[in-house]
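Asker:
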Amino acid sequence: MLKTIIAVGIPGVGKSTVLNTAMKELELRGYSVKVINFGDLMLDMLMKRGLVSSRDDIRNLPLSIQREVQRDVAERIGSELRRIREVSGSKPHVVIIDTHAVVKTGTGYWSGLPAHVITNIMPDSIVIVEASVEEILGRQAKDFERRRSDYSDAELLNELLSLNRYFAVSSANLVGASVYILRNREGKVRETASELVNLIENLRG
Amino acid sequence: MLKTIIAVGIPGVGKSTVLNTAMKELELRGYSVKVINFGDLMLDMLMKRGLVSSRDDIRNLPLSIQREVQRDVAERIGSELRRIREVSGSKPHVVIIDTHAVVKTGTGYWSGLPAHVITNIMPDSIVIVEASVEEILGRQAKDFERRRSDYSDAELLNELLSLNRYFAVSSANLVGASVYILRNREGKVRETASELVNLIENLRG
Amino acid sequence: MLKTIIAVGIPGVGKSTVLNTAMKELELRGYSVKVINFGDLMLDMLMKRGLVSSRDDIRNLPLSIQREVQRDVAERIGSELRRIREVSGSKPHVVIIDTHAVVKTGTGYWSGLPAHVITNIMPDSIVIVEASVEEILGRQAKDFERRRSDYSDAELLNELLSLNRYFAVSSANLVGASVYILRNREGKVRETASELVNLIENLRG
Numbered sequence: 001m002l003k004t005i006i007a008v009g010i011p012g013v014g015k016s017t018v019l020n021t022a023m024k025e026l027e028l029r030g031y032s033v034k035v036i037n038f039g040d041l042m043l044d045m046l047m048k049r050g051l052v053s054s055r056d057d058i059r060n061l062p063l064s065i066q067r068e069v070q071r072d073v074a075e076r077i078g079s080e081l082r083r084i085r086e087v088s089g090s091k092p093h094v095v096i097i098d099t100h101a102v103v104k105t106g107t108g109y110w111s112g113l114p115a116h117v118i119t120n121i122m123p124d125s126i127v128i129v130e131a132s133v134e135e136i137l138g139r140q141a142k143d144f145e146r147r148r149s150d151y152s153d154a155e156l157l158n159e160l161l162s163l164n165r166y167f168a169v170s171s172a173n174l175v176g177a178s179v180y181i182l183r184n185r186e187g188k189v190r191e192t193a194s195e196l197v198n199l200i201e202n203l204r205g
Numbered sequence: 206m207l208k209t210i211i212a213v214g215i216p217g218v219g220k221s222t223v224l225n226t227a228m229k230e231l232e233l234r235g236y237s238v239k240v241i242n243f244g245d246l247m248l249d250m251l252m253k254r255g256l257v258s259s260r261d262d263i264r265n266l267p268l269s270i271q272r273e274v275q276r277d278v279a280e281r282i283g284s285e286l287r288r289i290r291e292v293s294g295s296k297p298h299v300v301i302i303d304t305h306a307v308v309k310t311g312t313g314y315w316s317g318l319p320a321h322v323i324t325n326i327m328p329d330s331i332v333i334v335e336a337s338v339e340e341i342l343g344r345q346a347k348d349f350e351r352r353r354s355d356y357s358d359a360e361l362l363n364e365l366l367s368l369n370r371y372f373a374v375s376s377a378n379l380v381g382a383s384v385y386i387l388r389n390r391e392g393k394v395r396e397t398a399s400e401l402v403n404l405i406e407n408l409r410g
Numbered sequence: 411m412l413k414t415i416i417a418v419g420i421p422g423v424g425k426s427t428v429l430n431t432a433m434k435e436l437e438l439r440g441y442s443v444k445v446i447n448f449g450d451l452m453l454d455m456l457m458k459r460g461l462v463s464s465r466d467d468i469r470n471l472p473l474s475i476q477r478e479v480q481r482d483v484a485e486r487i488g489s490e491l492r493r494i495r496e497v498s499g500s501k502p503h504v505v506i507i508d509t510h511a512v513v514k515t516g517t518g519y520w521s522g523l524p525a526h527v528i529t530n531i532m533p534d535s536i537v538i539v540e541a542s543v544e545e546i547l548g549r550q551a552k553d554f555e556r557r558r559s560d561y562s563d564a565e566l567l568n569e570l571l572s573l574n575r576y577f578a579v580s581s582a583n584l585v586g587a588s589v590y591i592l593r594n595r596e597g598k599v600r601e602t603a604s605e606l607v608n609l610i611e612n613l614r615g
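Residue numbers (our numbering), protein chains in the order written: chain R, 1 to 205; chain D, 206 to 410; chain U, 411 to 615.
(1) In this structure, how does DSSP classify R/Ala177 when only helix, strand and coil are distinguished?
(2) Can you tell me whether D/Leu286 is buried or exposed, with buried defined as 16 or more other CB within 10 angstroms of its CB?
(3) Residues of the region 50 to 71 of chain R with a CB closer than 9 Å to any CB of chain U: list them in chain order, please.
(4) Helix or strand or just coil, what does DSSP make of D/Leu298?
(5) Counting C-beta neighbours from all protein chains within 10 Å, is the total for R/Lys104 16 or more, i.e. buried, or is it exposed?
(6) Are the Cβ atoms of U/Gly518 and D/Val278 separated by less than 7 Å?
(7) Within 10 angstroms of the Cβ of D/Ala320, are there 16 or more other Cβ atoms? Answer buried if so, exposed if not.
(8) Taking U/Thr414 as part of the beta strand (DSSP E), name the residues at either end of that continuous run.
(9) Please state the DSSP three-state secondary structure of D/Arg409.
(10) Less than 7 Å between C-beta atoms, sequence neighbours within five positions excluded: which residues of the same chain meet that for U/Val579?
(11) Give me the Cα-Cα distance between D/Lys365 and D/Ile215, rounded to the nearest whole angstrom.
(12) Assuming U/Asn530 and U/Gly488 are in contact, meaning their beta carbons sit under 8 Å apart, how far apart are those beta carbons, in whole angstroms?
(13) Out of U/Asp508, U/Ile475, U/Ala541 and U/Ser521, which one is the CA nearest neighbour of U/Gly597?
(14) Less than 6 Å between C-beta atoms, sequence neighbours within five positions excluded: which residues of the same chain meet that for D/Leu248?
(15) Please report how far the alpha carbon of D/Ile301 lies from the alpha carbon of U/Ile468, in whole angstroms.
(16) Between U/Ser442 and chain D, is any beta-carbon pair separated by less than 7 Å?
(17) At a Cβ cut of 8 Å, what residues of the region 586 to 604 of chain U count as close to chain B, listed as they run along the chain?
(18) With a threshold of 7 Å between beta-carbons, can U/Tyr576 be considered close to chain R, or not?
(19) So with Cβ pairs under 7 Å, would you call D/Ala320 a contact of chain R?
(20) Assuming U/Ala511 contacts U/Ser581 (C-beta within less than 8 Å), just tell me the rounded distance between them.
(21) If we define contact as Cβ-Cβ less than 7 Å, is R/Ser132 a contact residue for chain U?
(22) Under DSSP, the beta strand (DSSP E) around R/Lys34 begins and ends at which residues?
(23) Less than 7 Å between the C-beta atoms of R/Met122 and R/Val175, yes or no?
(24) Under three-state DSSP, which class holds U/Leu616?
(25) Could you tell me which chain U residues have their CB closer than 7 Å to the CB of R/Ser111, listed as they occur along the chain?
(26) What alpha helix (DSSP H) runs, 4 residues minimum, are completely inside the region 290 to 350 of chain D?
(27) Please confirm whether R/Asn202 has its beta-carbon closer than 7 Å to some beta-carbon of chain D.
(28) If contacts are defined as beta-carbon pairs under 8 Å, then R/Asn184 and R/Gly14 qualify, I think. What distance do you get, rounded to the angstrom?
(29) For R/Arg29, name the three-state secondary structure that DSSP assigns.
(30) Output the distance between the C-alpha atoms of R/Arg85 and R/Pro92, rounded to the nearest integer angstrom.
(31) By Cβ distance, which residues of its chain are closer than 6 Å to R/Ser88, with the 5 residues on each side in sequence left out?
(32) Should D/Ser269 go down as buried or exposed, given a rule of 16 or more other Cβ atoms within 10 Å for buried?
(33) Hey, U/Ile416 and U/Val504: beta-carbon distance below 7 Å or not?
(34) Residues of chain D with CB closer than 7 Å to the CB of R/Val169, please, in chain order.
(35) With DSSP as the reference, identify every bridge partner of D/Ser387, one or two as the case may be.
(36) Apart from the five residues on each side of it in sequence, which residues of its chain come closer than 6 Å, Cβ to Cβ, to R/Val33?
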């Protein structure tokens, strides 16, 4: 039995912490959990093909190459999901794909889940991890290393939070996946992770 | 001649009353009118297959089954539309499909018009019946029986009204249907129904 | 080498002026530039087929005919793009398709870039030219000839600006194009055009 979740969220909403916490809780409940980071697979494939040498290069690649590699990664994930479904038997398996619904680049907002990606993954649910603009700015202030000047303006963050929903809805609608808006309130990571675990428990793929 | 309309709206906007009033007016104007309730057909099919015993069970079904039955119902409606188009001749026929663009469930927001539904129905127009949050809350207060605690918070209603538009636009865009936003103002059901009748008159499918 | 841009924007944002200014700048930089006006091609085709005699008639045509001609025009543009790509060699070519993401008609909001259009064009980027409601109303007041009563209410303009984004995102998501929001500030046409030129320079189709 396999449940497939795509988790998206703009930088600073605390998605990684929520996913890590939920993963541990799911394993305690007997799930076999795999988190697939879409960007890591993109980077792997691009480096193997000699197209980039670091993560920051990805956003500056020609869109045609980004699209091609995006599709290749989505197909690879699709194969992996079919493999897991076959071997899973009655043991509950969860695959969480950690990615973005929308990415801000020098050439505009780029979809992380366009038709050629979402139709290969066919998730049960797209989970949008959200936080308030104040919380995102607060996290960025504490976290010098990851602070990104291109994501730190309040007006821009509001725009990104909105676009994130438009892109996620549009992707979900292509495959009939549900959209779950998961609010990650400051200091409530445990509660947010529990809500995600409950969603996964309630999904009966 | 056949005109196909999909009417959507979140609970409490007064969609049923508007559709019933418009239906009578259209019949007076010589139209052959059929209103198809998507949820009723879903329930019928699910009960025949022994999968649920009441309407409330639907929202708790596994998404995979919901999707399968959703597609089957959409195909059945597609066949019915082809049949009506063939027999309609020069007499004006209207089919109004009464459904939702988005439904709130325990596993997130679920699309009522995903690609596999909308491409089977190919409507001329998706009509979004809307009301203000105040009007929706007012109707819920008067209507004890249908009051639903999961739809009664103002913030949630605002979120639902927005998501409803995102989902409807995304579905319309897949088939080139128009999106008509029909505001149902308190105490103005007759006027709202007339606006819907005018839309249908102006459509030349 | 060919870069393909779709430029959209609701009436009054100053799209034409921005496109003309950018076109000149691109030519100075050695680009071969072609601006294709989707509406003009629609009008051409409809007039040749004897379906309309003026531009204003288009919005009142049956949706089925609008859709058919829309698809035909999109296919014609697709062929033209393939032709340009073949002959372009190493000289940089840009095609800018001047159109709308959404058009307000008597039968609702109609998509300018539905699936059957966007998949034929396969743009690198959809550029949404935007202005504030105050700027749009200001331009309409100065420009008597083009003032359109159906686009002049502030609430409606806000609705249109939002719907424009929903439709553009939904279209971009179908083909993996980027969405670039280009704010055309009052009196800053030159700067806005430069931003568009920079976007095109940075795109490496």
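Even glycine gets a Cβ: it sits at the ideal position worked out from N, Cα and C. As the structure is a computational prediction, the values presented were derived from the model and not from experiment.
Answerer: Straight from the coordinates:
(1) coil
(2) buried
(3) Asn60, Leu61, Pro62, Leu63, Ser64, Ile65, Gln66, Arg67, Gln70 and Arg71
(4) The sequence shown places His at residue 298 of chain D, rather than the Leu named in the question. Correct three-state label for D/His298: strand.
(5) buried
(6) no
(7) buried
(8) Leu412 to Val418
(9) coil
(10) Val589
(11) Reading the sequence as shown, one finds Leu at residue 365 of chain D and not Lys. About 7 Å.
(12) 4 Å
(13) U/Ala541
(14) Arg260
(15) 26 Å
(16) no
(17) Among the protein chains of the structure shown, namely R, D and U, there is no chain B.
(18) yes
(19) yes
(20) 7 Å
(21) no
(22) Ser32 to Asn37
(23) yes
(24) Residue 616 of chain U is absent from the model: chain U starts at 411 and stops at 615.
(25) Ala582, Asn583 and Gly586
(26) 320 to 326 and 338 to 347
(27) yes
(28) 5 Å
(29) coil
(30) 10 Å
(31) Met1 and Leu2
(32) exposed
(33) no
(34) Leu368, Tyr371, Phe372 and Ser375
(35) The residue asked about is misnamed: residue 387 of chain D is Leu in this sequence, not Ser. DSSP lists D/Val334 as partners of D/Leu387.
(36) Met23, Leu26, Glu27 and Val94
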